[in-house]
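**Q** Structure in structure tokens, see below.
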Amino acid sequence: MIKTLFVALLVLAISPVATAQTADEILANYFENTGGLDNWKKVEAIQFQGSVNFQGMELPIEMVQKKDGKSMMKADFQGMTFYQGVYDGETLWSTNQMTMAAEKSDAEATANHKLETNDFPDPFLGYKEKGYTVELIGKETVDGAETFKIKLVKEPIMVDGKEEQDVTFYYFDTENFVPIVVEKEIKGGPGAGMVGQTKMSDYQEVDGLYFPFSITEGAKGQPGGQEITIKSITLNPTVDDTVFAFPAPAATEAGTKN
Amino acid sequence: MKKLIILLLAVATLPLSLSAQEISLKGKELFGDLSARHIGPALMSGRINDLEVHPTNTRIMYAGAAGGGVWKSVDGGATFTAIFDEHPQSIGVVTLDPKDPDQTIWVGTGETWTRNSVSVGKGLFRTTDGGSTWKEIPGFENSERIASVVINPNNTKEVYVGVLGALWSDSEDRGIYKTTDGGATWKKILYVNPSTGAGDVIMDPKNPNTLYASMWEFRRSGWGFNSGGPNSALYKSTNGGETWNKIHNGFPSGDLGRIGVAVAPSDSNIIYAVLETEDKTKNGLWKSADAGQNWEHLNNDFGLTVRPFYFSRITVDPRNPDIIVKGGLSGSISRDGGKTFKDLGNMHSDIHDIVFHINDSDIMYAGTDGGVYRSWNGGTVFEIVENLPLSQFYHISVDDAEPYNVYGGLQDNGSWYGPSSSPGGVNARDWNSVGYGDGFRVLKHPTKNIIYSEMQGAQNVWRYDVDRNRTKTVQPLQEKGVAKLRFNWNAPMAVSAHVPDRFYMGSQFVHKSDDMGESWTIISPDLTTNDPAKQNQLESGGLSMDNSGAENHTTIFTIAESPLDQNVLWVGTDDGNVQVTKDGGKSWTNVTANLTGIPANTWVYHIEASVHGKGTAYAVFDGHTSGDMKPYAMKTTDYGATWKNIISEDISAKAFVRNIQEDYVNEDLLFLGTEFGLYVTIDGGKSWSQFTNNMPPVAIHFIDMQKQTNDVVMGTHGRGVIIIDDISPLRELNQEVLAKNVHFFKNDAFTMKEESGFAGSFGSETQFVGRNKSTSAKIIYYLKKRHTFGKMTLELQDMEGNKITSLPAGKSKGINVVDWSFTSSSPKMAEGKTLAFGGFTPKRVPEGKYKVILTKGKDTYEHVIEVKYDDTSLTSLAERKEQEELTSTLFDMVEDLAYMVYEINTMQETAKEVIENNSKGKKNAQKLYDSLEALRKDLVITTGDGYVASADPELRERMGDLYSGVASAYDGVSADQKRNFELIAGQLKTEQERFAKIKAKEGKKFMSFLEKNELPKPAVLSREDFLSKK
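These protein sequence lines are chains A and B, in that order. For what it's worth, the numbering used here labels the leading residue of the first sequence as 1, then goes sequentially. For what it's worth, the numbering used here labels the leading residue of the second sequence as 259, then goes sequentially.
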């Protein structure tokens, strides 16, 4: 009897602490632990150098993201440069791997991408001003670790002509308040309906801010996934904006170096 | 005072916290990357309880499976995805919020078509984000079966929930509940008695205050079923459920059974009801044209009256009140307001629900015992949805083939076997039929290619000779002087591990055959209670007789032969007896009385005779057919004289147990199959942990362990066959291991599998394809903590410490599994205009030992693994060494060429610089540039694209193809490959000489020009630097 009472007291004593966390507190902790909100706000552009391990090949990749929404990812391979998801503010484009020529993404993908341009450097930064909502769903064990599950709802997107909510779930490690897993339903293509899962680890400091240096993309419940290993990150690099521009037709031959 | 309590608290918790130093990891914390894979099959799919279409978006629909969860389609029913995998899989109803149908979905669990083998539910759930997260709505924990969730379209905070309730016991949770605050509080607004539940709750679509409700008096036991009674009735409320009136005007007097009811969406005055009554001529379809005030009997065809407990759904065309569809054995459709019906088109029998497309009544969806079907022509032709792996196994077994096969029988879907892995994944076409009817136990003969299978009640037991494609019926038959045989619906069979042709079956007796069923001997007395009160199946059914054989009772249900002694046999009966013989059946001991803590007559669902001791066995007990949902599992080590309870409080209180599987190596490692998923213990049952990695809490009816692979194979009743590959790491887990920061698990040597067949992937866009077992080497380690900050890498090295490759490290707390496909790096290819696919082929490593180096911050952990060649290889060692050597030679040649092209490119860049900026040197530079360019064009492709505008292959492409062909082959180098190699090696040499000449002639001139003018020379890296440059 006495034991039961103590257990009950114990539960009472602990539970207020456990429920005191709100989504905003978690996010505040996250920004604080990763360099401070003010420092995050100062970031104008980020350049990532890294590699993707593909069948024993280390494919070097480079990514650039800018506050004005321009973004670019490229991989050099066998003397050719493949661009993926390059955005100049108006046009979203990628390299066609048959012709090595640049091709525009469809209007819907471009419009949806445009909605993400205010997410630099982090969608949670000023989420209220952006009209986003966040909600603490609860605690969940992911990757064996206890996490806070936070739901982020951004601007609605279009999926095959119909408007849909844009929902992402972030799992923040309860110990250090950094996200270790992000999940999002795959809306189109062959995996539609499945949940895409991004795992983040190897957080390291870059000029006072912390970034994950290992990012693994996969599908929830499925083994494997593709790891992107970040080798270096440059904050506010000098980037010539021409790299984002959709190449003029003549320039499509510039795939090779000669 | 407060301080005192805190002090007391500290003292009281001290011993607790001391013992808490024992590390007890649960579920996802422990199992990490050990993940289940699902292999279906989906070709016969499984029972559907409820279908729901989106009110405005024609692409979206939902299927609630009887035992397989909730599935969502976003493509008009072409494909489905599971969205309810963390919750009970038995579904009663899926309802979308009319105002927020994209986000807010209600799921009532517990299937409602109450056959003998139904699963149970565990309450009411709701998502407000389209199914990503679900919350349980408090108040319905004991509902067991929820038949209806009805939402007021004008005020979606007003919701009615119809609880059908417990099938095997009384329950005061039955009835109709209402909330007016979106589910925060509930009021029970219609309750009849503990045996009468809510069948249908229907809202008038035009007037949400008008409700119709059918109440049904019903009960099932392990040996019978009753539908109907004085309390079954059809009610109407016109004030939002405040008061209810029976609306029976015109119905026959006497008891009623299950009642299905529907309001025509286009005319609220037209109500249809299907009735089960005492008067057979009055069963079937009734119609009211005045909103239930008066009723007229229209039709009592077979299709309208068949098995009301299983089929009583009526659906009215949303646009035409005269078009009615009714579920049934085949399903029926009327186009004259219910006067006449015809069968729906061919599809799997037993149709439980039908819905119309929201805009086009030609399009219909049907939920059957065999999945979801679609019709495009008003119900005449149906096609099956091919990616719903909802198969409901009663039993599974495995063989020792490679890859091993899984055998099993399904509810209403016959018996099958299929491979645990198959080229391209386990497809529908991989499954082979080995029995009709309801399928149950399917066993492979231990040495011959012969399969035993059965149908319900052992009406047929088949011995199927696979090679000769011959079937013989071999069930034991009654003989003179012997009582009538009582077989369970799911009759037990067993094959002997000691005498391959020996085959056991159980009625109330144990039957033994030593000639594969040709002749049988009874080797036991009646081992059941033989209680005549449980043998009146002819009276089963209630108002509608239902003697399918499914309720046969007082039968043997499980037979287990000791793997250590052929004379030790265990028998468990459905009426609670555990009996054992130590002399091959000469004498039997009833050890039931020793089962302390097991209520009398609790169904003995499975006995597992242990490999760890002749007298050791496990028995699990299932009391759910008498309303007792508690988990029971016992262990004996002395032939049943004493038993130890091995259930801990970690197991959900309602997770009744159907199966247990012991590990063949570690006696403390056990797997428990419950109504709500899989539990694992590593300490012999002191504590259990639920396994939830890609493993829904589905009813597990049988578990087997495949000995060669250490795979745990589960036959689930709703999600097909689910496999956890290689559980051997769990054998090593103990406190010492769990306390380490990093622990590498032991591995046997890994075989580099050489199979290289073909796999057509046609149809996989819309068909379920089961995931294969990975054939890679597995590097398995435990991390005490999830790695989040700082670098962590995993590298493979040869024993001298040279890097082979780096692998993506797993960083989860718990068990991590990293696959390695036995390869090192791919060669660096020369730069060109198109991709040379040779560059995608990595070298395979030779047989031997390799070091795994895990680096975590400043700490390094080492582990050695071994890989070996395939025993089934068609290649001699000498041939293999030749292949490995040529692979290395070609790898180097490919990189030599890459370096030469790099040198050329670099020199050309400098030359170009001079051509553009230095008129003095332009001539020499141009000469060099041109001769290099002519050379380059012979080395690599410089024009065209990667598809049909491709240029002819140059040296790089031809060399790359040869490299790739040799490197990826498992056999020796062919004569043609050798000749091709000579040609290519010769060409490389020629081109290298040509390059040397250019360097000596044009190059030299150019270099001396640069020197004279003090211009920078081409910055050519060394070969080594070039190759290591990323």
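Ideal Cβ placement from N, Cα and C applies to all residues, glycine included. The model shown is predicted, which means the values in this text are computed figures rather than measured ones.
1) So residue 329 of chain B is in the alpha helix (DSSP H); what residue range does that whole segment cover?
2) Does any C-beta atom of chain A lie closer than 8 angstroms to the C-beta of residue 1069 of chain B?
3) Taking the straight line between their C-alpha atoms, what separation do you get for residue 792 of chain B and residue 481 of chain B?
4) Going by Cα to Cα distance, which pick from B/794, B/843, B/1081 is closest to residue 768 of chain B?
5) Output the boundary residues of the alpha helix (DSSP H) element that contains residue 1264 of chain B.
6) My output table needs one value for residue 289 of chain B: the three-state DSSP class, helix, strand or coil.
7) Please state the DSSP three-state secondary structure of residue 555 of chain B.
8) Can you find a C-beta in chain B that's less than 8 angstroms from the C-beta of residue 97 of chain A?
9) Using a Cβ cut-off of 8 angstroms (strictly closer), state whether residue 91 of chain A contacts chain B.
10) Compile a chain-ordered list of the residues in the stretch 1037-1062 of chain B whose CB is closer than 7 angstroms to at least one CB of chain A.
11) Does the beta-carbon of residue 1021 of chain B have 16 or more other beta-carbons within 10 angstroms, so that it is buried, or is it exposed?
12) Extract the residue ranges of the beta strand (DSSP E) inside the stretch 776-861 of chain B, only unbroken runs of 3 or more that lie entirely within it.
13) So, helix, strand or coil for residue 605 of chain B, using DSSP?
14) Is it right to say residue 190 of chain A is buried, meaning 16 or more other beta carbons lie within 10 angstroms of its own, or is it exposed?
15) Could you spell out the range, first to last residue, of the beta strand (DSSP E) harbouring residue 1106 of chain B?
16) Could you check which residue in A/21, A/33, A/64 has the C-alpha nearest to that of residue 210 of chain A?
17) Is residue 1254 of chain B helix, strand or coil by DSSP?
18) Below 9 angstroms on C-beta distance, what does residue 1064 of chain B contact in chain A?
19) DSSP three-state call for residue 648 of chain B: helix, strand or coil?
20) For residue 1237 of chain B, does the count of other Cβ atoms within 10 angstroms reach 16, so buried, or fall short, so exposed?
21) Report yes or no: is there a C-beta of chain B within less than 8 angstroms of the C-beta of residue 194 of chain A?
22) Quick one: which chain A residues come within Cβ less than 9 angstroms of residue 894 of chain B?
23) Between residue 1197 of chain B and residue 1212 of chain B, which are expected to be in contact by the criterion C-beta below 8 angstroms, what is the C-beta distance as a whole number of angstroms?
24) Any C-beta of chain B within less than 7 angstroms: which residues of the stretch 100-128 of chain A qualify?
25) To the nearest angstrom, report how far apart residue 579 of chain B and residue 500 of chain B are at their CA atoms.
26) Taking all protein chains shown into account, do 16 or more other C-beta atoms lie within 10 angstroms of the C-beta of residue 696 of chain B, making it buried, or fewer, making it exposed?
27) Can you check DSSP and say which residues form a bridge with residue 964 of chain B?
28) Residue 240 of chain A by DSSP, collapsed to three states: which one?
29) Any beta carbon of chain B sitting closer than 8 angstroms to that of residue 12 of chain A?
30) Per DSSP, what kind of secondary structure is residue 898 of chain B in: helix, strand or coil?
31) Jot down the residue ranges of each uninterrupted beta strand (DSSP E) in the stretch 476-562 of chain B, minimum 3 residues, whole runs only, in chain order.
32) Which partner residues does residue 106 of chain A have in the DSSP bridge list?
33) At the level of alpha carbons, what is the spacing between residue 827 of chain B and residue 748 of chain B?
34) Counting only the same chain and skipping the five closest in sequence on each side, list residues whose C-beta sits under 7 angstroms from that of residue 1086 of chain B.
35) When burial is assigned at 16 or more other CB atoms within 10 Å of the CB, is residue 1001 of chain B buried or exposed?
36) I'd like to check one pair, residue 1031 of chain B with residue 199 of chain B: are the Cβ atoms closer than 8 angstroms?
**A** In terms of the structure at hand:
1) First-last for residue 329 of chain B: 328-331, but that is the beta strand (DSSP E), not the alpha helix (DSSP H).
2) By the rule that beta-carbons nearer than 8 angstroms mark a contact, residue 1069 of chain B touches chain A.
3) Distance between the alpha carbons of residue 792 of chain B and residue 481 of chain B is about 6 angstroms.
4) Of B/794, B/843, B/1081, the residue nearest in Cα terms is B/843.
5) Counting along the chain, residue 1264 of chain B sits inside the alpha helix (DSSP H) bounded by residues 1262-1270.
6) Here residue 289 of chain B carries a helix assignment [DSSP, helix/strand/coil].
7) Three-state result, residue 555 of chain B: strand.
8) The beta carbon of residue 97 of chain A falls within 8 angstroms of a beta carbon belonging to chain B, placing the residue at that interface.
9) No, residue 91 of chain A does not count as interfacial toward chain B.
10) Residues passing the 7 angstroms Cβ filter: 1044, 1045, 1046, 1047, 1048, 1049, 1050.
11) Around the beta-carbon of residue 1021 of chain B, fewer than 16 other beta-carbon atoms lie within 10 Å, marking it exposed.
12) The qualifying runs are 814-819, 827-831, 836-839.
13) Coil.
14) Exposed, since its Cβ has fewer than 16 Cβ neighbours within 10 Å.
15) Here the beta strand (DSSP E) through residue 1106 of chain B covers 1106-1114.
16) The shortest Cα separation from residue 210 of chain A among A/21, A/33, A/64 belongs to A/33.
17) In the structure shown, residue 1254 of chain B sits in a helix (DSSP, three-state: H, G or I).
18) Counting only Cβ-Cβ distances below 9 angstroms, residue 1064 of chain B has contacts in chain A at 53, 58, 229, in chain order.
19) DSSP, reduced to helix, strand and coil, places residue 648 of chain B outside both helices and strands of the structure shown, so it counts as coil.
20) Label assigned to residue 1237 of chain B: exposed.
21) So yes, residue 194 of chain A belongs to the interface.
22) For residue 894 of chain B, none of the residues of chain A pass the 9 angstroms Cβ criterion, the least Cβ distance being about 32 angstroms.
23) The pair is a contact, with the Cβ atoms about 6 angstroms apart (cut-off 8 angstroms).
24) Those would be 100, in chain order.
25) Our two residues, residue 579 of chain B and residue 500 of chain B, have alpha carbons roughly 28 angstroms apart in a direct line.
26) Buried.
27) Answer by DSSP bridge pairing, in chain order: B/969.
28) DSSP places residue 240 of chain A outside both helix and strand once states are collapsed to three, so it counts as coil.
29) For residue 12 of chain A, the pLDDT reaches just 40, beneath the cut-off of 50, and the residue's location in the model is therefore unreliable, leaving the point undetermined.
30) For residue 898 of chain B, the secondary structure class from DSSP, reduced to helix, strand or coil, is coil.
31) Listed in chain order, they are 482-485, 491-495, 518-522, 525-533, 542-546, 554-557.
32) Beta-bridge pairing links residue 106 of chain A to no other residue.
33) If you take the alpha carbons of residue 827 of chain B and residue 748 of chain B, they lie about 19 angstroms apart.
34) Same-chain partners within the cutoff: 1153, 1156, 1285.
35) Label assigned to residue 1001 of chain B: buried.
36) The requested residue 199 of chain B does not occur in the structure, where chain B is confined to residues 259 to 1288.
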